[in-house]
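2 protein chains.
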Amino acid sequence: MAVSARRGQPLTSEEIYAAALRLLDTAGVDGLSMRKLAAELDVNPMSLYHHVENKQALVRGACAAVVSRLRLPPDDGAPWQEQLRTLAHAYRSLAHSHPSLWSYVDGHPDLVDQESGLWAVFNRILVAAGIPAGELVRTRTTLYAFVSGFLSAETSGLLAELGGETGADTTFADTTFESAVDLIVAGIETRHRASGDR
Amino acid sequence: MAVSARRGQPLTSEEIYAAALRLLDTAGVDGLSMRKLAAELDVNPMSLYHHVENKQALVRGACAAVVSRLRLPPDDGAPWQEQLRTLAHAYRSLAHSHPSLWSYVDGHPDLVDQESGLWAVFNRILVAAGIPAGELVRTRTTLYAFVSGFLSAETSGLLAELGGETGADTTFADTTFESAVDLIVAGIETRHRASGDR
DNA sequence: ACCTGAACACCGTTCAAGT
DNA sequence: ACCTGAACACCGTTCAAGT
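One line per chain: the protein sequences are A and B, in this order.
Taking the working numbering, the leading residue of the first sequence gets 108, the next gets one more, and so forth.
Taking the working numbering, the leading residue of the second sequence gets 108, the next gets one more, and so forth.
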């Protein structure tokens with residue numbers, strides 16, 4: 108097994124993705140280059156191509172690794188409202204763990220489902236909330252868009268500059284997210300009640 | 108006044124931005140380059156720098172031109188629900204007019220307000236809806252995030268692949284957007300009713 | 001004032017050659 | 001198998017020189 112002339116150790120894709128994530132975090136998607144990544148790993152730029160198809164695959168892979176760490180709420184019979192809140196907060200803290208990556212994740216929702224199985228869990232919760240089967244996809248898509256739109260606003264700085272602190276530990280963004288989730292839950296409850304009235 | 112050797116006519120920034128928008132529409136933000144733009148205009152790449160500070164300013168300027176075309180609903184005393192729906196549809200059709208630009212607009216919400224005055228109009232409508240002054244920024248930010256999240260999902264193809272046609276002219280995306288706006292309006296009405304109960 | 005060519009410091013990626 | 005250097009086709013941008 109040939110070995111890097113510069114490092115005396117073989118490259119692994121784990122190393123590559125870890126270093127890529129580090130660069131992405133500090134410099135954003137545009138700040139990552141194959142050549143800088145190679146320098147970071149003390150390796151010839153071309154060595155990377157033995158472990159990664161190309162730059163696009165590298166970025167996607169790094170994001171996939173992040174998204175796969177989403178902690179989905181267990182199917183423990185808790186009220187759907189609670190499960191939905193838990194899911195929303197888990198997703199938000201995932202975004203916060205790598206904010207400079209999030210615009211990419213946002214633009215590639217297929218990756219999200221593929222790596223986390225989010226949609227199956229989302230469906231389960233919405234079924235528990237009484238959403239009819241025919242409305243499932245529509246509702247899930249809308250709610251996902253709402254939450255990810257919120258995170259995009261947060262990540263891109265729309266929320267950061269607004270209003271100061273509201274308390275000891277919670278920021279304006281925290282309380283605003285809370286009320287956004289409230290609005291979503293209330294929206295579903297309203298819909299449920301409406302269909303019950305028929 | 109010196110003149111392009113290749114074209115026999117002076118460059119104008121209007122020309123530059125129009126051509127840039129054309130390139131952005133067909134190739135996306137990553138597909139635009141100063142050199143390709145210069146070729147499109149039959150001009151030396153360096154001539155562009157006499158009219159535009161750099162590439163970033165060029166992209167921002169092109170997006171600003173698009174956003175400034177947002178048609179805001181007039182203050183004609185129509186019910187706030189109707190005005191909110193009109194605003195949402197105007198914003199959506201703006202996004203549809205240049206979908207490949209939208210991820211950039213989405214990541215730069217400051218540009219949106221600066222070029223369209225959206226937030227003042229948004230505030231006016233929310234005041235009419237009975238949102239208290241202290242909740243204005245929070246509510247407006249949340250609703251904007253919801254709508255732009257939806258458009259991001261639409262623009263990035265999340266909605267495109269789902270469910271076929273629902274009728275003659277309306278697509279799945281159209282009806283889903285409609286129900287998303289319904290959810291938003293219902294959410295505000297609920298909040299209004301709740302504060303009226305106090 | 002406006003335009004231009006040469007140059008610099010970067011990119012991603014292919015390919016043939018090394019071990 | 002894995003690594004590497006040279007090379008190709010691109011980038012954005014500076015600068016000195018032209019008209």
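For every residue, glycine included, the Cβ atom is placed at its ideal position computed from N, Cα and C.
Computed from a prediction, not measured in an experiment: that's the story for all the values here.
{"Asked": "In angstroms with no decimal places, state the Cα-to-Cα distance between L155 (chain A) and E122 (chain A).", "Found": "11 Å"}
{"Asked": "Give me, in chain order, the residues of the same chain whose beta-carbon lies closer than 8 Å to that of V136 (chain B); leave out the 5 immediate sequence neighbours on both sides.", "Found": "V166, S207, L208, S210, Y211"}
{"Asked": "So, with DSSP's three-state summary, where would you put P239 (chain B)?", "Found": "coil"}
{"Asked": "Output the boundary residues of the alpha helix (DSSP H) element that contains Y198 (chain A).", "Found": "187 to 204"}
{"Asked": "I want to verify the contact list: residues of chain A whose CB lies under 8 Å from the CB of R142 (chain B), in sequence order.", "Found": "Residues of chain A passing the Cβ test: none, with the nearest at roughly 18 Å."}
{"Asked": "Within the same chain, show all residues whose beta-carbon is closer than 8 Å to that of R231 (chain B), passing over the 5 residues directly before and after it, in chain order.", "Found": "D182"}
{"Asked": "Output, in sequence order along the chain, the residues in the region 185 to 218 of chain A whose CB is closer than 8 Å to any CB in chain B.", "Found": "S210, D213, G214, H215, P216, D217"}
{"Asked": "Within the 9 Å Cβ cut-off, does I391 (chain B) reach chain A?", "Found": "The question about residue 391 (chain B) has no answer, for chain B in this structure spans 108 to 305."}
{"Asked": "Buried or exposed for R245 (chain B), please, with buried defined as at least 16 other CB atoms from any protein chain shown within 10 angstroms of its CB.", "Found": "buried"}
{"Asked": "Grab me the residues of V219 (chain A)'s own chain with a C-beta within less than 7 Å of its C-beta, minus the 5 sequence neighbours each way, in chain order.", "Found": "V174, V212, L225"}
{"Asked": "Can you tell me which of the three DSSP states L225 (chain B) falls into?", "Found": "helix"}
{"Asked": "How big is the Cα-Cα spacing for Y198 (chain B) and A126 (chain B)?", "Found": "23 Å"}
{"Asked": "Using a cut-off of 7 Å between C-beta atoms, extract the partners of S175 (chain B) located in chain A.", "Found": "Neighbours of S175 (chain B) on chain A: none; closest Cβ ~19 Å, over 7 Å."}
{"Asked": "Taking a cut of 9 Å between CB atoms, which residues from the region 251 to 272 of chain A lie near chain B?", "Found": "Y251, A252, F253, V254, S255, G256, F257, L258, S259, A260, E261, T262, S263, G264, L265, L266, E268, L269, G270"}
{"Asked": "What are the residues of the region 124 to 137 of chain B that lie near chain A, defined by any Cβ-Cβ distance shorter than 7 Å?", "Found": "none"}
{"Asked": "Have a look at A293 (chain B) and V110 (chain B) and give me their C-alpha separation to the nearest angstrom.", "Found": "59 Å"}
{"Asked": "State the start and end residues of the unbroken alpha helix (DSSP H) segment that holds V166 (chain A).", "Found": "162 to 174"}
{"Asked": "Excluding the 5 residues flanking E222 (chain A) on each side, which residues of the same chain have their C-beta closer than 6 Å to its C-beta?", "Found": "A171, V174, S175"}
{"Asked": "Of all Cβ atoms in chain B, is any one closer than 9 Å to the Cβ of I291 (chain A)?", "Found": "yes"}
{"Asked": "Taking C-alpha atoms, which residue in B:L130, B:T297, B:Y251, B:D149 lies nearest to A169 (chain B)?", "Found": "B:L130"}
{"Asked": "According to DSSP, simplified to helix, strand and coil, what is V234 (chain A)?", "Found": "helix"}
{"Asked": "Evaluate T248 (chain B) with the Cβ neighbour count: other Cβ atoms within 10 Å of its Cβ, from every protein chain shown; 16 or more gives buried, anything less gives exposed.", "Found": "buried"}
{"Asked": "Compare the C-beta of R305 (chain A) against all C-beta atoms of chain B and say whether one is closer than 9 Å.", "Found": "For R305 (chain A), the predicted structure reports a pLDDT of 42, less than 50, and the residue's modelled location is therefore unreliable. A value from the coordinates is still provided. Chain B, which has no Cβ nearer than 9 Å to the Cβ of R305 (chain A), makes this no."}
{"Asked": "Can you look up D217 (chain B) in the DSSP assignment and give me helix, strand or coil?", "Found": "helix"}
{"Asked": "Leaving out five residues on either side along the sequence, give the residues of the same chain with a beta carbon under 6 Å from the beta carbon of R114 (chain B).", "Found": "D149"}
{"Asked": "Just the chain B side, please: which residues come within less than 7 Å of R245 (chain A) by C-beta, in chain order?", "Found": "T283, S286"}
{"Asked": "Quick one: is P117 (chain B) buried, meaning 16 or more other Cβ sit within 10 Å of its Cβ, or exposed?", "Found": "exposed"}
{"Asked": "Looking at chain A, is there any beta carbon in it that lies within less than 9 Å of the beta carbon of G294 (chain B)?", "Found": "yes"}
{"Asked": "Roughly how many angstroms separate the alpha carbons of Q188 (chain A) and A236 (chain A), rounded to a whole number?", "Found": "8 Å"}
{"Asked": "Could you give the residue range of the alpha helix (DSSP H) that holds D137 (chain B)?", "Found": "120 to 138"}
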